[in-house]
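Here's the structure, in structure tokens; my notes come after.
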Amino acid sequence: MEKWKDWGFFDDDGTEIDPDLIAKPDLCVSCKKDDDPGEEILCMMTRADQVGEEPFRCEAFEPMP
Ligand code: SF4
Numbered sequence: 000m001e002k003w004k005d006w007g008f009f010d011d012d013g014t015e016i017d018p019d020l021i022a023k024p025d026l027c028v029s030c031k032k033d034d035d036p037g038e039e040i041l042c043m044m045t046r047a048d049q050v051g052e053e054p055f056r057c058e059a060f061e062p063m064p
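Counting in numbering that gives the first Met the number 0, the sequence shown runs without a single skipped number right up to 64 at its last residue.
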């Protein structure tokens, strides 16, 4: 994707993480910030930071009304 071209996410070993390959956690599907363009970068950073970790945790989670 063009919008990720000038920066990226990296794991602790310095390997770049492709945001398109990060699965969306179940918690995000029930969060009102999911698919909010203004939250996209922060959400992706939160997901990228927890790749391979269970359970997924997010202090910014807000349940759907
Ligand atoms: S705020 Fe957290 S729980 Fe909500 S969509 Fe973003 S990463 Fe997922």
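Quick reminder that beta carbons are idealized off the backbone N, C-alpha and C, glycines included.
Remember, it's a predicted structure, so these values are computed and weren't measured experimentally.
Do you know whose CA, among Thr-14, Phe-9, Leu-26, lies nearest Met-63's CA?
That would be Leu-26, whose Cα lies nearest to the Cα of Met-63.
I'd like to confirm something about Phe-60: is its beta-carbon nearer than 7 Å to some heavy atom of the ligand NAP, or not?
As far as ligands go, the structure on display features the ligand SF4 and does not contain the ligand NAP.
Compare the beta carbon distance of Asp-17 and Val-50 with 8 Å and say whether it is the shorter of the two.
no
Report whether the distance from the Cβ of Leu-26 to the nearest heavy atom of the ligand SF4 is below 7 Å.
Yes, since a heavy atom of the ligand SF4 falls inside the 7 Å radius drawn around the Cβ of Leu-26.
Tell me where the alpha helix (DSSP H) around Cys-27 begins and ends.
Cys-27 -> alpha helix (DSSP H) spans 25 to 28.
Residues in its own chain within less than 7 Å of Phe-55 by CB, not counting five upstream and five downstream?
Pro-24, Leu-26, Gln-49
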